[in-house]
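1 is the number of the first residue of the sequence shown in this note's numbering; add one for each residue after it. Don't be surprised by glycine CBs; every beta carbon is placed ideally from N, CA and C. Input: a single structure, listed below in structure tokens.
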Amino acid sequence: MSDTIIIRVLSQAGRSRVEMAPTATIGSLKAEIAKRLSLDAKTVTLCQDQAYRKKFSAKDTVTIAKAGLKNGA
């Protein structure tokens, strides 16, 4: 497993990429996204599709790898 994975982020602010360690938690991913977009991390919702219909259901304490996120997700 590589040292970091790249997660593609699509938001109302546009597209960006976030590099995270596979051992980082979903909560830390949300915090990084919130920091980049100047949001409160509690308001960040992860979705699996661009239509924002399929909510990502992993808990904030689960690691990115265990949640099934892979490079380019």
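- [ ] Return the residue from the list A24, S38, D3 that minimises the CA-CA distance to A13.
- [x] S38
Open item on the list: Along the chain, where does the alpha helix (DSSP H) containing S28 start, and where does it finish?
Closed with: 26-37
Open item on the list: Please report the straight-line C-alpha distance between G27 and K55, rounded to a whole angstrom.
Closed with: 15 Å
Open item on the list: So, at 6 Å on beta carbons, what are the nonlocal neighbours of E32 in its own chain, with the 5 sequence-adjacent residues on each side left out?
Closed with: V18
Open item on the list: I'd like to check one pair, A41 with K30: are the Cβ atoms closer than 8 Å?
Closed with: yes
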